[in-house]
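A.B. asks:
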Amino acid sequence: MVEEGMGYALCLDRLVNTTGNSPLCFKPLEPKLEVNLAMVWKKYQIFSRTSEYFLKSVKNEIAQLKK
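In this text, residue positions in the sequence shown follow the numbering used here: the first is 48, and each later residue adds one.
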C-alpha cells in the first residue's frame, strides 16, 4: 500500500528494501525512539536444528553489538 502511495509505514531500519529502484525511503524519527526487544520460548523447548542455528546466530550478533 505504501508503494502505491496510499499511506506511510513505521518500521525498523533496513527492514524494508529502500535501495536501487525502490520508490520507498527511510526517514529516522526524531527524537530517536528506543525499543527493548526480547526472544521468548517455552522453558523446556526442544529446538529443531534450524531453530538452534537461528538462536546461535542471534546470540552471536548480540555479542558483536556489545563489543
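In this text, a Cβ means the ideal position worked out from N, Cα and C, and glycines have one as well.
Computed from a predicted model, the values in this text were never measured in an experiment.
#1: Assuming Cys-72 contacts Thr-65 (C-beta within less than 8 Å), just tell me the rounded distance between them.
#2: How far does the alpha helix (DSSP H) with Leu-112 in it extend, from its first residue to its last?
#3: Where Ser-95 and Glu-50 are concerned, what is the direct C-alpha to C-alpha distance, given to the nearest angstrom?
#4: Whole angstroms are fine: how far does the CA of Tyr-91 sit from the CA of Ala-110?
C.D. replies: Reading from the atomic positions:
#1: As a working note, residue 72 is residue 25 in the sequence shown. As a working note, residue 65 is residue 18 in the sequence shown. Rounded, the Cβ-Cβ distance is 5 Å, consistent with contact.
#2: What you label residue 112 is simply residue 65 of the sequence shown in a count that begins at 1. 96-113 is the extent of the alpha helix (DSSP H) around Leu-112.
#3: Your numbering for residue 95 matches position 48 in the sequence shown. Your numbering for residue 50 matches position 3 in the sequence shown. In a straight line, the C-alpha of Ser-95 is about 36 Å away from that of Glu-50.
#4: What you label residue 110 is simply residue 63 of the sequence shown in a count that begins at 1. What you label residue 91 is simply residue 44 of the sequence shown in a count that begins at 1. Rounded to whole angstroms, Ala-110 to Tyr-91 spans 24 Å at the Cα level.
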